[in-house]
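In my numbering, the protein residues as written are 19 to 539.
A virtual CB, placed ideally from N, CA and C, is assigned to each residue, including glycine.
Below you'll find the structure, written out as structure tokens, and then a few comments.
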Amino acid sequence: MNDRDTPFYTADDLGAEASSEQDRSAPGEFPYTRGIQSEGYRRRLWTMRQYAGMGDAEASNQRYHFLLAQGARGLSVAFDLPTQTGYDSDAPLAAGEVGRVGVAISSLEDMQRLFAGIPVNEVSTSMTINATAATLLAMYVVAARRSGIESSQLTGTVQNDILKEYIARGTYIYPPAQSLRLTTDLMAWASEHAPQWNTISISGYHMREAGSTAAQELAFTLANGRAYVEAALAAGLAIDSFAPRLSFFFNAHSNLLEEVAKFRAARRIWALWMRDDFHAQNPRSAMLRFHAQTAGSTLTAQQPENNIVRTTLEALAAILGGAQSLHTNGFDEALALPTEKAAQIALRTQQIIAHESGVAEVVDPLGGAYSIEALTDQLEAEARQIFSRIEKLGGMRRAVESGWVQQQIQQAAYEWQRNVDSGEAIVVGVNRFQQSAMTETPLQRIDPEQERRQIERLRDYRRRRNPGPWQEALRQLRNTATGDGNLMAAILRAVEAEATVGEIADTLRSVFGEYRETVTV
Numbered sequence: 019m020n021d022r023d024t025p026f027y028t029a030d031d032l033g034a035e036a037s038s039e040q041d042r043s044a045p046g047e048f049p050y051t052r053g054i055q056s057e058g059y060r061r062r063l064w065t066m067r068q069y070a071g072m073g074d075a076e077a078s079n080q081r082y083h084f085l086l087a088q089g090a091r092g093l094s095v096a097f098d099l100p101t102q103t104g105y106d107s108d109a110p111l112a113a114g115e116v117g118r119v120g121v122a123i124s125s126l127e128d129m130q131r132l133f134a135g136i137p138v139n140e141v142s143t144s145m146t147i148n149a150t151a152a153t154l155l156a157m158y159v160v161a162a163r164r165s166g167i168e169s170s171q172l173t174g175t176v177q178n179d180i181l182k183e184y185i186a187r188g189t190y191i192y193p194p195a196q197s198l199r200l201t202t203d204l205m206a207w208a209s210e211h212a213p214q215w216n217t218i219s220i221s222g223y224h225m226r227e228a229g230s231t232a233a234q235e236l237a238f239t240l241a242n243g244r245a246y247v248e249a250a251l252a253a254g255l256a257i258d259s260f261a262p263r264l265s266f267f268f269n270a271h272s273n274l275l276e277e278v279a280k281f282r283a284a285r286r287i288w289a290l291w292m293r294d295d296f297h298a299q300n301p302r303s304a305m306l307r308f309h310a311q312t313a314g315s316t317l318t319a320q321q322p323e324n325n326i327v328r329t330t331l332e333a334l335a336a337i338l339g340g341a342q343s344l345h346t347n348g349f350d351e352a353l354a355l356p357t358e359k360a361a362q363i364a365l366r367t368q369q370i371i372a373h374e375s376g377v378a379e380v381v382d383p384l385g386g387a388y389s390i391e392a393l394t395d396q397l398e399a400e401a402r403q404i405f406s407r408i409e410k411l412g413g414m415r416r417a418v419e420s421g422w423v424q425q426q427i428q429q430a431a432y433e434w435q436r437n438v439d440s441g442e443a444i445v446v447g448v449n450r451f452q453q454s455a456m457t458e459t460p461l462q463r464i465d466p467e468q469e470r471r472q473i474e475r476l477r478d479y480r481r482r483r484n485p486g487p488w489q490e491a492l493r494q495l496r497n498t499a500t501g502d503g504n505l506m507a508a509i510l511r512a513v514e515a516e517a518t519v520g521e522i523a524d525t526l527r528s529v530f531g532e533y534r535e536t537v538t539v
């Protein structure tokens, strides 16, 4: 049978009857177990969205132009830690961290330099930013406007998922209630002014990197998604006004079959929730769309070339599972930020899967496989058990504030490490098949002068601006934070008046305070 002539397979192709309602549903049909598009990748491939950001805006801009020239169809911005936590590059707490794990963005001019020469109305952009998501999106919008592009023309995603910061990453600023207000205000603003923009990317990726199991990643991610939906409804938004623009971000880990099943189970659970619990009428509200990234935690500093194989298998799991976009990690990322060569190999990995493997020519090629269907059901059942526990704790926000979610992930991480240490779990090159001599791997180096130049530009930016407008804009932002107006609109006004990331965050700190982590033992 020619795969090119058969878009997808069913039990009928084996001469057997389907065993359940889910088995009989076709790709593109509720509950979307087999994918949200009837034609899968046959009509359009997934977006090859490579994650990058380093040093200052100019250095990252060069990498973006390189990736686009190599065939990438979407950009994904990595920000440095000061930007993520609301500090300008010249803040005392930013010293030594400027541009280290992502690009340093403190001002509107930084954002303009970051996308210089890139047609943002033609290229989809994802921004991995959470606590300061509204500010960075505002800078992106204003930078686009100043180049003649309206917000309604922009396509992309802002992560804007603060709950998982309390669970797994730690780059939060404000307490959960105030953070959720920022999240929902951004969603409300974008539904009117940036209708093509995905206002949140509900992320399980970082929970998996912290050590969660596949079932925990599935359950905690969807539970976070449910919490955001409930918060948006409580803020007065109608379900179909924002649900079609929700997106998810999952880890593509090393167990290929389990990962494929995880993605299928996620779509099914979400679709049933949207229909049965939230009574969504727009079919797109029930379609779980997700970006995947291969698992950084599986990469090893030992024998780093082996990571090319790991990343290939993980990318294949994401594609077989129906991802809408994908980032593949560089093989050298256990050692440093990826070199240009490593980034190119990572992108070529996706291109080879897309154009040489044949998997894109069949929709849900593993659908109907006994192992996949059984694993899908099993992961759904395990996730529903976790949902029951979360409900007893008072919902996801309460479960996070109590430290219970963090504790579950810590326990899973401990058990995995114990299995590696005992040899029960084999990691090639680490606890089996080692080699004594390490080969030299060229590494990406960050020019230490970039931090000095970034600080000088920022201080010059402050000197050149008119103090009246930005001071008034920050005063209005403080008043909005004290009241109940839309914070995204107020942040936009501050950005237009040339307030910096740190000034906006400090204004909100003065009203909201800062969150202190619950310690669990």
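DSSP places Ser78 inside the alpha helix (DSSP H), whose first and last residues are 75-87. Ile167 sits in coil when the DSSP states are folded into three classes, being neither helix nor strand. Under the three-state reduction of DSSP output, Val519 falls in the helix class.
With contacts defined as CB atoms closer than 8 Å, Leu172 and Val121 fail to qualify as a contacting pair.
Excluding its 5 nearest sequence neighbours in each direction, Tyr223 has C-beta neighbours in its own chain below 7 Å: Phe267, Phe268, Asn269, Gln311, listed in chain order.
In the structure shown, Phe133 adopts coil according to DSSP, grouped into three states. By the Cβ rule, the stretch 197-215 counts as touching the stretch 149-169, because three or more pairs are nearer than 8 Å. The Cβ-Cβ distance between Leu93 and Leu365 does not fall below 8 Å.
Taking C-beta atoms as the reference points, Val519 and Leu384 fail to come closer than 8 Å. Nearest to Ala161 by alpha-carbon distance, out of Ala515, Ser528, Glu332, is Ala515. Gln494 and Ala156 have their C-alpha atoms some 16 Å from each other.
For Phe308, the enclosing beta strand (DSSP E) has its first and last residue at 308-312. For Thr498, no beta strand (DSSP E) encloses it; the enclosing alpha helix (DSSP H) starts and ends at 485-500.
Exclusion of the five residues before and after Ile509 leaves Ala152, Thr153, Ala156, Leu495, Ile522 as the residues of its chain whose Cβ lies within less than 8 Å of its Cβ. Only buried fits Gly53, as 16 or more other CB atoms lie within 10 angstroms of its CB. Around the beta carbon of Phe260, a 10 Å sphere encloses 16 or more other beta carbons of the protein chains shown; the residue is thus reported as buried. If you check the CB distance, Ala206 and Ala241 do not come in under 8 Å. Check the Cα spacing between Ala298 and each of Pro262, Gln320, Val327: the tightest is with Pro262. The Cβ atoms of Gln234 and Ile404 sit closer than 8 Å to each other. In this structure, the straight-line span from the alpha carbon of Pro45 to that of Tyr158 is close to 35 Å.
For Trp64, the secondary structure class from DSSP, reduced to helix, strand or coil, is coil. A direct Cα-to-Cα measurement between Trp291 and Asn178 gives close to 22 Å. For Thr201, the enclosing alpha helix (DSSP H) stretches over residues 194-211. In the displayed model, Val445 falls within coil according to three-state DSSP, outside both helix and strand.
With a minimum length of 4 residues, the unbroken runs of alpha helix (DSSP H) contained wholly in the stretch 290-366 fall at 324-338. Collapsing the DSSP output to three states places Arg450 in a strand. Per DSSP, reduced to three states, the secondary structure at Ala96 is strand. In this structure, the straight-line span from the alpha carbon of Trp288 to that of Gln453 is close to 45 Å. Considering only Glu76, Ile123, Ala372, the residue with the shortest C-alpha distance to Ala341 is Ala372. Excluding the 5 residues flanking it on each side, Gln362 has same chain C-beta neighbours closer than 7 Å at Gln88, in chain order.
The straight-line gap separating the alpha-carbon atoms of Ile220 and Phe451 is approximately 37 Å. With 16 or more other Cβ atoms inside 10 Å of its own Cβ, Ile408 counts as buried.
With fewer than three CB-CB distances shorter than 8 Å, the stretch 180-190 does not count as touching the stretch 126-135. Taking all protein chains shown into account, Val327 has fewer than 16 neighbouring C-beta atoms within 10 Å of its C-beta and is therefore exposed.
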